Amino acid sequence: MNLLYTLDLIGTAAFAASGAWAGIRRKMDLFGVLVLAVVTATGGGTLRDILLGDSPPFCFKDETYLYISIAVGLGIFFFHRRLVFLQHPLLYFDAIGLGTFVVIGTGKALDYHMGFIGAVMMGVITATAGGAVRDVLSNQIPLILRKEVYASACLAGGALLFLLHQTSVDPRAAALVAALTVIGLRLLAIRHNWALPRARS
Amino acid sequence: MNLLYTLDLIGTAAFAASGAWAGIRRKMDLFGVLVLAVVTATGGGTLRDILLGDSPPFCFKDETYLYISIAVGLGIFFFHRRLVFLQHPLLYFDAIGLGTFVVIGTGKALDYHMGFIGAVMMGVITATAGGAVRDVLSNQIPLILRKEVYASACLAGGALLFLLHQTSVDPRAAALVAALTVIGLRLLAIRHNWALPRARS
Amino acid sequence: MNLLYTLDLIGTAAFAASGAWAGIRRKMDLFGVLVLAVVTATGGGTLRDILLGDSPPFCFKDETYLYISIAVGLGIFFFHRRLVFLQHPLLYFDAIGLGTFVVIGTGKALDYHMGFIGAVMMGVITATAGGAVRDVLSNQIPLILRKEVYASACLAGGALLFLLHQTSVDPRAAALVAALTVIGLRLLAIRHNWALPRARS
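Residue numbers (full-length UniProt numbering), protein chains in the order written: chain A, 1 to 201; chain H, 1 to 201; chain R, 1 to 201.
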């Protein structure tokens, strides 16, 4: 499915860029910036594959993901001041990555015959664990745990894909619908500044 | 062994509650609170299964653990002010979880023919790694590394189970004795406010 | 290859000492100091084995690594004030560990037929991930991401070993040359206070 692979690589580049920028903001050196780019882009899928017992993880089987992450990290490290204009459009590519990663993660869990919660969790982990590790390495509480609808969009997309998988819907159509749901919810959340409820203290 | 499974689920609920409360104290949103509940309750056993190479980890094979963790997380999120009276009794359920998790972890390592240190470590990891990840995600030094005898109780229980396993003692009796040792030490530590020595600086 | 095994154990002891000292500086209790010693010394190789799918990780197959780490942790915990004179020479043993761990990690990845980036990453992870986890557990941004050429030395050694592996050079000679390269670069970096470029803000 070439469309999914293309979207996957676009999402990888967008996630790597967000990781590299986080490293620059924390005044890391070149190596630190590259580590954050690679971890943000490939950490979620790597954790998913460790949990599924599929080793080595995807990015070591197809090193394209690693080459893209490193190239993006190098580009941002050396030209980040000239690339500031990219930060707003990046949100849109990031949303593409989010939808694609959820669909790939939940889809792979379905191939491994996981149950409902497990399959949805694998989609969410694929899309968000890389960013969580980025934040832990930056000595911050993961953003995903604090103020983003981000995760809800992933939950909705993963659950939708699981349900469509129980029907006779064509798997590729199901993947497309689920990915577009995540992307759409994410863009709406950005536009309307949605947030999940917080517990009253 | 139905008693062990029942105690395991009670411990899971208690650990999930401690994770959910940590999330609420850190002002996380609903998703963050649920993640901390699930990670605290199932993170230790998941890390143990990753290290043993048993994939997918236990909670994806039997999703009961995940459903309980999520249900507890939802309950605490929405009713935590009315549930404050639970915080003290929770310490006792938490101790039950501690003992049960140690016995399950060391027992599983013995099934995998691990050596002494490895088997004891698997018990300690099962019982404490979830809480350590909870603290790392909350941007704190894991409590277990700082001021708890918590870990000593687990070490003692794991070592005892390993030794009993070398004898002709019935495995179920051995598990019960080891679990009760951990629970007893933990409750004594709470009552007498015990602490391990700290290095002089 | 007995020389490599001997160097590996020396490196393990040096890494365990650095972990134990970090725990003492953060005022951890005995258990915390031992955990940091073990994690720093064996965490990198453990993560490598998880990624390669070789379970259980090396230190559970040969518990010598765990016994050494615990013994070093105990020694530093109880005698750290009398052992302060060791802190400077420790840098040299630490460099030996760095070179040995890189060679073992990249060498193992080559046995698993990993690609270039993957093999180099496995060397770097073996040598540095334990220290990164030590820093995360100490609630600090990993030192490796901030101000060390440390990582560059590992990258150079891993890449060199990968390239020599494509030639007809004797594998043991290749391992020795690569390890000495890492050790030499590390010692030069200490002596000349080298640092990688940082992004301008």
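All C-beta atoms, glycine included, are put in the ideal place defined by N, C-alpha and C.
No experiment lies behind these values; they were computed from the predicted model shown.
Residue i: buried (16+ other C-beta within 10 angstroms of its C-beta) or exposed?
i, result
"residue 150/H", "buried"
"residue 89/R", "exposed"
"residue 126/A", "buried"
"residue 163/R", "exposed"
"residue 181/A", "buried"
"residue 84/R", "exposed"
"residue 128/A", "buried"
"residue 80/A", "buried"
"residue 188/R", "exposed"
"residue 152/H", "buried"
"residue 82/H", "exposed"
Judging by CA-CA distance, which residue of the options is the nearest neighbour of residue i?
i, options, result
"residue 6/R", "132/R, 126/R, 100/R", "100/R"
"residue 26/A", "107/R, 191/R, 143/R, 59/R", "143/R"
"residue 21/H", "174/H, 34/H, 11/H", "34/H"
"residue 44/H", "71/H, 75/H, 11/H", "11/H"
"residue 66/H", "8/H, 4/H, 167/H, 153/H", "8/H"
"residue 37/A", "86/A, 118/A, 124/A, 131/A", "131/A"
"residue 178/A", "192/A, 168/A, 106/A", "106/A"
"residue 176/H", "160/H, 190/H, 189/H, 28/H", "160/H"
"residue 41/H", "82/H, 28/H, 71/H", "71/H"
"residue 46/R", "111/R, 122/R, 75/R, 23/R", "122/R"
"residue 3/R", "54/R, 194/R, 169/R, 104/R", "104/R"
"residue 28/R", "113/R, 78/R, 93/R", "78/R"
"residue 112/R", "194/A, 61/A, 68/A, 136/A", "61/A"
"residue 69/A", "76/R, 59/R, 117/R, 102/R", "117/R"
"residue 115/H", "93/R, 115/R, 63/R", "63/R"
"residue 155/R", "58/R, 50/R, 59/R, 102/R", "102/R"
"residue 75/H", "24/H, 158/H, 49/H, 169/H", "24/H"
Assuming residue i and residue j make a contact with CB atoms under 8 angstroms, what is their CB distance in whole Å?
i, j, result
"residue 146/R", "residue 39/R", "In fact, because the Cβ distance is near 19 angstroms, the residues do not count as touching under 8 angstroms."
"residue 73/A", "residue 13/A", "The pair is not a contact, with the Cβ atoms about 10 angstroms apart (cut-off 8 angstroms)."
"residue 174/H", "residue 165/H", "6 angstroms"
"residue 56/A", "residue 52/R", "6 angstroms"
"residue 109/R", "residue 95/R", "Wrong, their Cβ atoms sit about 22 angstroms apart, outside the cutoff."
"residue 138/H", "residue 141/A", "6 angstroms"
"residue 98/R", "residue 186/R", "6 angstroms"
"residue 190/H", "residue 91/H", "6 angstroms"
"residue 136/R", "residue 136/A", "6 angstroms"
Assuming residue i is part of the alpha helix (DSSP H), what are its boundary residues?
i, result
"residue 21/R", "2–25"
"residue 42/R", "30–52"
"residue 182/A", "171–192"
"residue 163/H", "150–165"
Please tell me whether, using a cut-off of 7 angstroms, the distance from the CB of residue i to the nearest non-hydrogen atom of the ligand GDP is below it.
i, result
"residue 194/A", "For the structure depicted, the ligand GDP is absent and the ligand set is empty, with no information on it obtainable."
Which complete alpha helix (DSSP H) runs does the stretch 72–120 of chain A hold, if anything under 4 residues is left out? Unbroken alpha helix (DSSP H) runs of no fewer than 4 residues, entirely contained in the stretch 72–120 of chain A, are found at 87–111, following chain order.
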